[in-house]
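Numbers given in the working numbering equal positions in the sequence shown, counted from 1, plus 305.
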Amino acid sequence: MNLITDALQATLHIGQTLCLRDALGMEIRVREGSLWLTQERDAQDYVIGTGGSFRIDRQGAVLLTALLSAPKGVRMDFVPCRVPARSFRFAAAY
Numbered sequence: 306m307n308l309i310t311d312a313l314q315a316t317l318h319i320g321q322t323l324c325l326r327d328a329l330g331m332e333i334r335v336r337e338g339s340l341w342l343t344q345e346r347d348a349q350d351y352v353i354g355t356g357g358s359f360r361i362d363r364q365g366a367v368l369l370t371a372l373l374s375a376p377k378g379v380r381m382d383f384v385p386c387r388v389p390a391r392s393f394r395f396a397a398a399y
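Right, dumping it as structure tokens:
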């Protein structure tokens, strides 16, 4: 097992989408703006606003789309947890 301790940061602007894969257990913290999140094999979608967070609780793709952009965009942190060596990967950013 690898332990990843540093948070990653990303910024999306209205309508931009980021796809995460193999991110089970990762926490997404929205620092500014509003984010729409949907997980593969989850019938529910989630909207996360400034100060909110979400822990990915299943395997598969996770789509993050910027809904309401702050002046500098939707800013978020990705906080990894203890994960297998394979870790996670960013699949695509649109």
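Note that beta-carbon positions come from the ideal geometry of N, C-alpha and C, so glycine has one too.
Whether residue i touches residue j by CB criterion (8 Å)
i, j, result
"Ser-339", "Gly-320", "no"
"Val-367", "Val-335", "no"
"Phe-383", "Leu-313", "yes"
Extent of the continuous beta strand (DSSP E) to which residue i belongs
i, result
"Ile-333", "332 to 337"
"Leu-373", "367 to 373"
"Cys-386", "Here Cys-386 belongs to no beta strand (DSSP E), and DSSP marks it neither H nor E."
Sequence-distant residues of its chain with Cβ nearer than 6 Å to residue i (five each side left out)
i, result
"Trp-341", "Val-352, Thr-370 and Leu-372"
"Ala-315", "Met-381"
"Phe-337", "Just to set this straight, residue 337 is Glu in the shown sequence, not Phe. Excluding sequence neighbours, Glu-337 sits near Thr-355, Ala-375 and Arg-380."
"Asp-281", "The displayed coordinates of the chain run from 306 to 399. Any statement about residue 281 would go beyond what the structure contains."
Proximal residues to residue i (C-beta, below 7 Å), its chain only, five neighbours per side dropped
i, result
"Gly-357", "Val-335"
"Gly-365", "Gln-344, Glu-345 and Arg-346"
"Thr-322", "Leu-368, Leu-369, Thr-370 and Tyr-399"
Residue(s) in a DSSP beta bridge with residue i
i, result
"Ile-353", "Leu-340"
"Ala-328", "Note: Ala-328 sits in no beta bridge, so no partner."
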